[in-house]
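Asks: According to our numbering, the sequence shown is numbered sequentially starting from 281. Where a beta carbon is used, it is the ideal one built from N, C-alpha and C, also for glycine. Attaching a single structure in structure tokens format; questions to follow.
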Amino acid sequence: MATATAGSNGLKVNHIGLPILEYRGGKSTLCAGCGHNSISERIMQAMWEMGVEPERVMKMSGIGCSSKSPAYFMSRSHAFNGLHGRMPSVSTGAILANHTMTTIGVSGDGDTASIGMGQFVHLLRRNLPMIYIIENNGVYGLTKGQFSATADIGSRLKTGVVNDLPGIDTCALAIQLGATFVGRSFSGDKLQLLSMLKAAIAHKGTVMLDVISPCVTFNDHEGSTKSYKFMQDNDEPINEVDFVASFDDIEVDYGSGEVYEVEMHDGSNLRLRKLLEDYDPTDKANAVRTLMEARDEDEILTGVFYIDTEKPTFLDLLNVVDEPLGTLPESITRPPKSALDSLMASLQ
Ligand SMILES: Cc1ncc(C[n+]2csc(CCOP(=O)(O)OP(=O)(O)O)c2C)c(N)n1
Ligand code: SF4
Ligand SMILES: [Mg+2]
281 MATATAGSNG LKVNHIGLPI LEYRGGKSTL CAGCGHNSIS ERIMQAMWEM GVEPERVMKM
341 SGIGCSSKSP AYFMSRSHAF NGLHGRMPSV STGAILANHT MTTIGVSGDG DTASIGMGQF
401 VHLLRRNLPM IYIIENNGVY GLTKGQFSAT ADIGSRLKTG VVNDLPGIDT CALAIQLGAT
461 FVGRSFSGDK LQLLSMLKAA IAHKGTVMLD VISPCVTFND HEGSTKSYKF MQDNDEPINE
521 VDFVASFDDI EVDYGSGEVY EVEMHDGSNL RLRKLLEDYD PTDKANAVRT LMEARDEDEI
581 LTGVFYIDTE KPTFLDLLNV VDEPLGTLPE SITRPPKSAL DSLMASLQ
């Protein structure tokens, strides 16, 4: 990273002067090789490279192996481990109480697409400013590997049970319902995931990242479409994601016709080199169609599918004041008795 310099103790530091050690969390209790651990590593690295102050971050989650992950990154940050599938409503409340924080939610495919579906869809339509990551392994890892609602039709459990229901594509759903930054990555693709996370931090609105994250204990065998092998063989990136932070000064030389450039809210630059011919990530209908066509072809597309940097967020719609609601004094949040008296008088 261009801005990292050596601190007084010789450790490389980011542009707010912190070494990456300050972004670490507790020791992971997840299985060795679980994709979720790699995602935690990338989150730490992205937050460090972006110079996000750990104390200014809220980590939210539900229930599942994936939802345990926030304990394994950024111990200095705030965290709330909610009930199963209830992370969206808890996050909505927390963000309304203090919208000046960077909010990252980590959920699972079970947590999001089954028990939490009712909450998830309302989060999407509100464009709540937060990063929502689904660590997608196609199974309920924590409860011993039953199929989840994102498991692909025809995929097989170790026991031989075949999934005969079509999987829910959370990216197509998120685009359709109103999220303003939607992408899919793979826990094993360090560079793509890191760039997408850094761009996510710079975005203002709901970022929905579906990250295929193999469960080595219950769903990493032949017949699984969420295994390391299957992803290595079938991952089809639609764009090459490159992110240049506003404080970096890196010149990347691209031929202009093949790159889609997006200026992010903080002045950073997201560069999407087209791999799929004529793919325009601001065309909503085309993004959904592309995902649906890929599904018919059994292809796993990755990359940034959709981005909209103009749409108002939930906070804009509510016209939320600059100061966090949670720290406003009671003299402002609670109308005086005289206000109540005049209201009552007006009703007589
Ligand atoms: C109300 C409620 N119902 C069911 C459960 C049991 N349960 C715990 S985790 C889980 C599924 C987790 O799957 P996922 O979100 O995909 O996370 P993973 O473990 O695969 O990372 C279930 C059904 C629960 N904890 N609470
Ligand atoms: S059971 Fe699966 S999802 Fe859970 S920690 Fe182990 S490998 Fe990861
Ligand atoms: Mg899961």
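Quick check: M367 and S387, are their CB atoms within less than 7 Å of each other?
Replies: In the sequence shown, residue 367 corresponds to position 87, counting from 1. In the sequence shown, residue 387 corresponds to position 107, counting from 1. In contact: M367 and S387 (Cβ atoms closer than 7 Å).
Asks: Please report the distance separating the alpha-carbon of V521 from that of R405.
Replies: Your numbering for residue 521 matches position 241 in the sequence shown. Your numbering for residue 405 matches position 125 in the sequence shown. Taking the straight line from one Cα to the other gives about 25 Å.
Asks: Assess, as a yes-or-no matter, whether the segment 457–473 is touched by the segment 576–587 under the definition of 3 or more beta carbon pairs within less than 8 Å.
Replies: Touching, per the Cβ criterion.
Asks: Under a criterion of Cβ closer than 5 Å to any non-hydrogen atom of ligand 2, which residues qualify, in chain order?
Replies: Those satisfying the condition are, in chain order, L310, C311, C314, C345, G421, C495, V496, T497.
Asks: Please name the residue in E502, P561, I481 whose C-alpha comes closest to that of A326.
Replies: Walking along the sequence shown from the start, residue 326 turns up at place 46. The option with the nearest alpha carbon to A326 is I481.
Asks: Smallest Cα separation from V487: which of M476, G425, K438?
Replies: On the sequence shown, position 207 is the one that residue 487 refers to. Answer by Cα proximity: M476.
Asks: Starting from G447, follow the alpha helix (DSSP H) in both directions and report where the run begins and ends.
Replies: Counting from one through the sequence shown, the residue named residue 447 turns up at place 167. Note, G447: premise wrong, no alpha helix (DSSP H); not H, not E.
Asks: Tell me which same chain residues have a C-beta within less than 8 Å of the C-beta of T285, skipping the five on either side of it?
Replies: Indexing the sequence shown from 1 puts residue 285 at position 5. Taken in chain order, the residues that qualify are K292, V293.
Asks: Sorry if obvious, but does the Cβ on S467 come closer than 6 Å to a heavy atom of ligand 1?
Replies: Counting from 1 along the sequence shown, the entry for residue 467 is found at position 187. No, the Cβ of S467 stays beyond 6 Å of every heavy atom of ligand 1.
Asks: Tell me whether the beta-carbon of E541 lies closer than 7 Å to the beta-carbon of R551.
Replies: Along the sequence shown, read from residue 1 onward, the residue named residue 541 stands at position 261. Along the sequence shown, read from residue 1 onward, the residue named residue 551 stands at position 271. Taking 7 Å as the Cβ cut-off, E541 and R551 qualify as a contacting pair.
Asks: Buried or exposed, going by whether 16 or more other CB atoms sit within 10 Å of the CB of M324?
Replies: Translated into the one-based positions of the sequence shown, residue 324 becomes position 44. Buried: at least 16 other Cβ atoms inside 10 Å.
Asks: Looking at ligand 1, does it come within less than 6 Å of H295, judged from the CB to the closest heavy atom?
Replies: Here residue 295 refers to the residue found at position 15 of the sequence shown. Not so, every heavy atom of ligand 1 lies at least 6 Å from the Cβ.
Asks: In terms of residue numbering, what span does the beta strand (DSSP E) encompassing A264 cover?
Replies: Lying outside 281 to 628, the shown extent of the chain, residue 264 is not represented and no answer is given.
Asks: Assign S622 to buried or exposed, taking buried as 16 or more other Cβ atoms, counted over all protein chains shown, within 10 Å of its Cβ.
Replies: For the purposes of this step, residue 622 is taken as residue 342 along the sequence shown, with counting starting at 1. Per the 10 Å Cβ criterion, exposed.
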